[in-house]
Amino acid sequence: MGAQLRGPNNAKLSTPLPINPKALEFYLQGNYYLITGDRVFSDEEKKKAADCFQQAINLEPGFAPAYVGLANAHDDLRSLLKISFARRVDPF
Numbered sequence: 441m442g443a444q445l446r447g448p449n450n451a452k453l454s455t456p457l458p459i460n461p462k463a464l465e466f467y468l469q470g471n472y473y474l475i476t477g478d479r480v481f482s483d484e485e486k487k488k489a490a491d492c493f494q495q496a497i498n499l500e501p502g503f504a505p506a507y508v509g510l511a512n513a514h515d516d517l518r519s520l521l522k523i524s525f526a527r528r529v530d531p532f
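This is the structure we're talking about:
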């Protein structure tokens, strides 16, 4: 007896949609830069992440995780700008 995955209300789960391999590569690179930027507090890494996510979206407009990554990169950049500004106003 084989196991079958089911979703809510016992409905069968849909088959994943194919994705452009290059879009997936850009998405994974974006995640790498996003995580690296978190470790070193680098806006340059966050900008690279945003660029990679945007390239993934350009290649695969229906790839929702790339939009999430792009939003996270922009949010992180905004936060880094606030921290940078706060340090200039009150360096201690």
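When the letters of the sequence shown are read in order and numbered with my numbering, they come out as residues 441 to 532. Heads up, the beta-carbon is just placed ideally off N, CA and C, and yes, glycines get one too. What you are looking at is a predicted structure, and each value in this text was computed from that prediction instead of being measured.
query: E484 versus G477: straight-line alpha-carbon distance, rounded; result: 8 angstroms
query: Close-in-space but distant-in-sequence residues of the same chain around H514 (CB under 7 angstroms, 5 per side omitted); result: A490
query: Helix, strand or coil at F503 according to DSSP, with G and I counted as helix; result: coil
query: Close-in-space but distant-in-sequence residues of the same chain around Q495 (CB under 7 angstroms, 5 per side omitted); result: F466
query: Exposure label - A506; buried when at least 16 CB within 10 Å; result: buried
query: Alpha-carbon to alpha-carbon, K487 and R518; result: 11 angstroms
query: Distance between P501 and P456 (C-alpha atoms, nearest Å); result: 16 angstroms
query: With 16 other Cβ atoms within 10 Å as the buried cut-off, status of I475; result: exposed
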